[in-house]
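Residue numbers (this note's numbering): 1 to 116. Everything on this sheet refers to the single structure shown next.
Structure (structure tokens):
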């Protein structure tokens with residue numbers, strides 16, 4: 001779960017019991033006591049990833065099971081900006097926003113693209 005600058009909460013991705021990555025997410029608006037699906041976006045399906053709100057309000061999605069993609073997402077425009085691909089899919093990132101605005105990633109566990 002990621003607390004967004006708007007005050008909403010994002011739950012992104014995951015996997016079903018057979019290991020298939022789930023596209024989309026859920027936006028929770030505590031103020032309105034409402035939930036909505038977030039499916040009309042280019043954020044890659046992922047599980048075991050990190051989602052970190054940066055100082056400029058963008059959300060950095062890093063890695064995940066079966067994906068090595070790093071992407072930025074703008075909540076206000078729903079725009080996705082691809083940044084780079086990592087060397088291999090990895091999950092279990094611990095993402096820490098540093099005082100200088102950079103994100104430190106650690107605790108990575110490698111995965112396989114064929115993992116089920």
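Think of the CB as a built atom: it goes at the ideal place given N, C-alpha and C, for glycine as much as any other residue. None of the values given here were measured: they were computed from a predicted structure.
Which partner residues does residue 25 have in the DSSP bridge list? 12, 38
Following the continuous beta strand (DSSP E) through residue 46, name the residue where it begins and the one where it ends. No beta strand (DSSP E) holds residue 46; DSSP gives it neither H nor E.
Indicate whether residue 28 and residue 53 have their beta-carbon atoms separated by less than 7 Å. no
Please list the terminal residues of the continuous beta strand (DSSP E) segment that includes residue 68. Per DSSP, residue 68 belongs to no beta strand (DSSP E) and is neither H nor E.
DSSP bridge partner residues for residue 18 (one or two, in chain order): Residue 18 is not bridged to any residue.
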